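S.K.: In our numbering, the protein residues as written are 1 to 863. Ideal Cβ placement from N, Cα and C applies to all residues, glycine included. Just so it is clear, the structure is predicted and the values come from calculations on it, not from any experiment.
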């Protein structure tokens, strides 16, 4: 039996072709360069790209540990063409080459992983700890043996096996603790992986790993809503409100992975693998909100300052008029669990190899929170729009005695996804052609069920003349807090007062719920508990045939894949003046033939050219297919489904040139184009002074997905990596990695208006300077994700955008004894907030969230 085994991260360069996913990569040689640290990961990641049939980028195990990234999303952000959407300061969703995250495919060892994130196809990559993975692969060009889903690309998470390591027994452990800028709490993380091979001929292998992290932090937020054109305003418009928050969050992540492998011979392998991850978030969310009157703005001649008049509520809570002040409290508890188990193997019979695998996934989301809402009229309000993060405040703030109870809700959402899937692949080596030539055929079947249930019972204030009560009447108010959302003016304090005595408020609610002070709103409860629910079954049967034909420097890879999709979904519609709810079941099937052709030309040992065409599809979001929808009466928003949506279908064209000019050195440039039919967009229409489902709203936003006619995405991406080993002395430890992507897109809407694709950033670029010499390793990384469309509005000034996001992170480590290292990390060194704005006007801010800097120190060891 073969005795030479490979280092863990080298498997990224060697085993990609033979893994469950590896048909996107040609087979590599059985020898590896024995180097360690940052230079090793550069060489191995480059080797994967070099050996690939299509266009593949990889973050290997060394890469994952080298940068100060909290999760997988932040790991792949450093790859070319990859943009990341951040949530509360952590990377979550990944867009590839300007394609929204829900149009990617997400796999674990080549099998679709699904996701626990409510109703979307976007896998929240912050749920997975990168420390348990061997590598993360981004495949940007599909071959016929890959799933048809994934217009942007496929994100494949590859777990470790005992046969990945050079040594027979391997143990890796790390731990770190840090400090947050805002609350001085101590975030910490620990990781442990152990693996060994055993048996008379080392034919058995087992790896077990676990990771735990906990991060308690503040999020400082500023959130206006619904800007609208106002000619006299210096910014060209004014918002409906101002909101600001200081959220307190505690995020806990527990992950585990394991693999048992048996290699009874050189021609036979069997394995059992599993991954489990649990992401828990506790969030305390008091929110200050000030709603301006829609007709009583008075602007001063400068167009920046002004006021709105009104009559304040009385000291006993009797309503006034004019501007409305709200204080909301939401206590959010969310748990996401992802669990996948798989069993499979391979058998070789001469020149024929048979691979077979089955997998089961069960992913769950539980999201629960109580939500209280109090309101008053503060009287005269002044505002000043001189700064982007503007000021607006009552001349006299409401007291707790003026804050009258308005509404209480108990939100309870549960989503359960179950996936059964199996596949078989047969590969026949063509010995008459150059080594690496083969014919391959296969089949796959996936059965996905998703059960989404959401309840939101609602209790309201009592009648107009009796049993009204205020926050101060029962001593439920709490102390005020400062909110500092502006990193450009860190001393700017938005004062939120009065807030809540949370324990007293919870006790009071438990005692009075359903009574005279907090009666149930039966009609709203019926709607909230029903129309968002749906049950879905999606079945996909696929078969394919492909070949890889090598003729010296030329490799041609043609293929065809067929997929049959069957969809059954049952939702609920509200009819008969909001008092009757009826089930609505839909059935749909569609068929897709997905051809592909890849041409790879290697005129020399250091240059490669690739040309590719492939066809792919993007199935609609689960919630978008529901005949029902959901209503958020607190925020005044309605989300509707559309069961008649067609899937995206894309023709993809790629051309790349790569120059491997030195060990660890790469210069590549690639152009791509995606011609997309039936693109789906979400259109938001803002209505004023309207009634929906029997409830009156001063402002209501209704969002519904629609198919556009067509669209296209074109772009160019470049990558440069080099290790400066030729420099003298200490300078020889330096290295650099640069990447950039320029993308443009066009979306034709049903009304003829032109737009870009959501989540498509025109500019993506990053730079990393790293150093490895002797006992020292260090890196500093910068990444810019350019602004992108977030949601399409109607009229056009309701379009919303993500602003540019710039991250600067650093890490340094020193070996204190053999494979024991101490390290320090710094995250978000520039105190960068996440921003969103409206109508393409960056002064029309609708979100500015600030999270501050985080610093860690820790120790890692390998044995």
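1. Considering only the alpha carbon of each residue, which of 344, 777, 261, 531 lies closest to residue 864?
2. Buried or exposed: where does residue 796 fall if 16 or more other Cβ atoms within 10 Å of its Cβ makes it buried?
3. Out of 174, 192, 173, 202, which one is the CA nearest neighbour of residue 163?
4. With a threshold of 7 Å on Cβ separation, who are the neighbours of residue 519 within its own chain once the five nearest residues in sequence on each side are excluded?
5. List in chain order: all unbroken beta strand (DSSP E) runs of 3+ residues lying wholly within the region 528-606.
6. Quick one, are the C-beta atoms of residue 856 and residue 832 less than 8 Å apart?
7. Work out the CA separation of residue 680 and residue 27 for me, nearest whole Å.
8. Output yes or no for whether 8 Å exceeds the beta carbon distance between residue 860 and residue 207.
9. What number of angstroms, rounded off, separates the C-alpha of residue 214 from the C-alpha of residue 251?
10. Is the beta carbon of residue 651 less than 8 Å from the beta carbon of residue 710?
11. In its own chain, which residues sit with a C-beta less than 6 Å from the C-beta of residue 93, not counting the 5 before and 5 after it?
12. State buried or exposed for residue 25, treating a residue as buried only when at least 16 other CB atoms are found within 10 Å of its CB.
13. Run through the DSSP bridge pairs and tell me what residue 353 is partnered with.
14. Spatial neighbours of residue 226 within its chain, please: CB distance less than 7 Å, with the 5 preceding and 5 following residues excluded, ordered by chain position.
15. Using the DSSP secondary-structure output, state which residues sit across from residue 137 in a beta bridge.
16. Put residue 782 into one of helix, strand or coil per three-state DSSP.
17. Taking contact to mean 3 or more Cβ pairs, one atom from each stretch, closer than 8 Å, check whether the region 396-412 and the region 365-374 are in contact.
18. Using a Cβ-Cβ cut-off of 6 Å (strictly less than) and excluding sequence neighbours within five positions of residue 821, which residues of its own chain qualify?
19. What distance in whole Å lies between the Cβ atoms of residue 192 and residue 209, which are believed to be in contact at a cut-off of 8 Å?
20. In the DSSP assignment, the alpha helix (DSSP H) including residue 164 goes from what residue to what residue?
21. Quick one: grab the DSSP three-state call for residue 367.
22. Quick check: what's the CA-CA separation for residue 660 versus residue 46?
23. In this structure, how does DSSP classify residue 624 when only helix, strand and coil are distinguished?
24. Between the C-alpha atoms of residue 764 and residue 718, what's the straight-line distance to the nearest angstrom?
25. Quick one, are the C-beta atoms of residue 517 and residue 467 less than 8 Å apart?
26. Return the first residue and the last residue of the alpha helix (DSSP H) that residue 511 is part of.
27. Looking at residue 331: is its Cβ nearer than 8 Å to the Cβ of residue 284?
28. Sorted by chain position, which residues of the same chain lie with C-beta nearer than 7 Å to residue 843's C-beta, five sequence neighbours on each side aside?
29. What are the boundary residues of the beta strand (DSSP E) that residue 816 is part of?
30. Which term fits residue 488, buried or exposed, when burial requires 16 or more other beta carbons within 10 angstroms of its beta carbon?
31. Just to confirm, are residue 156 and residue 110 a CB contact at a threshold of 8 Å?
32. Are the beta-carbon atoms belonging to residue 223 and residue 847 less than 8 Å from one another?
33. In terms of alpha-carbon separation, which member of 211, 394, 361, 612 lies closest to residue 256?
34. Let me confirm a value: residue 63 is counted as buried when at least 16 other C-beta atoms fall within 10 Å, else exposed. Which label applies?
35. If you run the structure through DSSP and keep just helix, strand and coil, what is residue 617?
M.R.: In brief:
1. Residue 864 lies beyond the residue range present for the chain, which begins at 1 and ends at 863; the question has no answer from this structure.
2. As a first step, residue 796 must be located in the chain shown, where it is residue number 796. Counting Cβ neighbours within 10 Å, residue 796 comes out exposed, since fewer than 16 surround it.
3. For this step, residue 163 is matched to residue 163 along the chain shown. Among 174, 192, 173, 202, the Cα nearest to that of residue 163 is on 202.
4. Counted from its first residue, the chain shown places residue 519 at position 519. Taken in chain order, the residues that qualify are 459, 460, 462.
5. 534-551, 554-575, 580-604
6. The residue you call residue 856 lines up with position 856 of the chain shown. The residue you call residue 832 lines up with position 832 of the chain shown. No, these two residues do not count as a Cβ contact at 8 Å.
7. On the chain shown, residue 27 is found 27 positions in, with the first residue counted as 1. On the chain shown, residue 680 is found 680 positions in, with the first residue counted as 1. Reliability fails at residue 27, whose pLDDT of 32 lies under 50, so the model's placement of it is uncertain and no value is given.
8. As a working mapping, residue 860 is identified with position 860 in the chain shown. As a working mapping, residue 207 is identified with position 207 in the chain shown. Result no, Cβ atoms of residue 860 and residue 207 do not sit closer than 8 Å.
9. Numbered from 1 along the chain shown, position 214 holds the residue referred to as residue 214. Numbered from 1 along the chain shown, position 251 holds the residue referred to as residue 251. C-alpha separation (whole angstroms): 6 Å.
10. On the chain shown, position 651 is the one that residue 651 refers to. On the chain shown, position 710 is the one that residue 710 refers to. The answer is no: Cβ separation not under 8 Å.
11. On the chain shown, position 93 is the one that residue 93 refers to. The residues are 85, 101, 122.
12. Here residue 25 corresponds to residue number 25 of the chain shown, with the count starting at 1. Confidence in residue 25 is poor, its pLDDT being 35 and thus under 50, which makes the residue's placement unreliable; the coordinate value appears in the next sentence. Its Cβ being crowded by 16 or more others within 10 Å, residue 25 is buried.
13. Within the chain shown, residue 353 is the residue found at index 353, counting from 1. In DSSP, residue 353 forms a bridge with 348, 427.
14. One-based indexing of the chain shown puts residue 226 at position 226. Excluding residues within five positions, the ones whose Cβ falls inside 7 Å are 239, 240, 686, 699.
15. Working through the chain shown from its first residue, we reach residue 137 at position 137. Partner(s): 58, 156.
16. Residue 782 sits at position 782 when you count from the first residue of the chain shown. Looking at residue 782 - three-state DSSP - the assignment turns out to be strand.
17. Segments in contact, yes.
18. Counting from one through the chain shown, the residue named residue 821 turns up at place 821. Once the five neighbours on either side are set aside, the close Cβ partners of residue 821 are 813, 815, 860.
19. Taking the first residue of the chain shown as 1, we reach residue 209 at position 209. Taking the first residue of the chain shown as 1, we reach residue 192 at position 192. Residue 209 to residue 192, Cβ: 7 Å. Contact.
20. On the chain shown, position 164 is the one that residue 164 refers to. From DSSP, residue 164 is part of no alpha helix (DSSP H); its letter is neither H nor E.
21. Taking the first residue of the chain shown as 1, we reach residue 367 at position 367. Three-state result, residue 367: strand.
22. The sequence position of residue 660 within the chain shown is 660, counting from 1. The sequence position of residue 46 within the chain shown is 46, counting from 1. Distance between the alpha carbons of residue 660 and residue 46: 8 Å.
23. As a first step, residue 624 must be located in the chain shown, where it is residue number 624. In this structure, residue 624 counts as helix in the three-state DSSP scheme.
24. Stepping through the chain shown from its first residue, residue 764 is reached at position 764. Stepping through the chain shown from its first residue, residue 718 is reached at position 718. The straight-line gap from Cα to Cα measures roughly 10 Å.
25. Here residue 517 is taken as the residue at index 517 of the chain shown, counted from 1. Here residue 467 is taken as the residue at index 467 of the chain shown, counted from 1. Cβ atoms of residue 517 and residue 467: closer than 8 Å.
26. Translated into positions along the chain shown, residue 511 becomes position 511. Run containing residue 511: 502-512, per the alpha helix (DSSP H) assignment.
27. Position 331 of the chain shown, counted from the start, is the residue given in the question as residue 331. Position 284 of the chain shown, counted from the start, is the residue given in the question as residue 284. For residue 331 and residue 284, yes; Cβs fall inside 8 Å.
28. Within the chain shown, residue 843 is the residue found at index 843, counting from 1. These residues qualify, in order along the chain: 235, 388.
29. Against the chain shown, residue 816 aligns to sequence position 816. Start and end: 805-817.
30. In the chain shown, the residue the question calls residue 488 occupies position 488. With fewer than 16 Cβ atoms within 10 Å of its Cβ, residue 488 is classed as exposed.
31. As a position in the chain shown, residue 156 is number 156, starting the count at 1. As a position in the chain shown, residue 110 is number 110, starting the count at 1. Contact: yes.
32. As a first step, residue 223 must be located in the chain shown, where it is residue number 223. As a first step, residue 847 must be located in the chain shown, where it is residue number 847. Closer than 8 Å, so yes.
33. The residue you call residue 256 lines up with position 256 of the chain shown. Of the listed residues, the one whose Cα sits closest to residue 256 is 211.
34. Taking the chain shown and counting its residues from 1, one reaches residue 63 at position 63. Bear in mind that a pLDDT of 48 at residue 63, under 50, signals an unreliable position, so the number given afterwards is only what the model happens to contain. With 16 or more other Cβ atoms within 10 Å, it is buried.
35. Start at 1 with the first residue of the chain shown, and residue 617 comes out as number 617. Reduced to three states, the DSSP call for residue 617 is strand.
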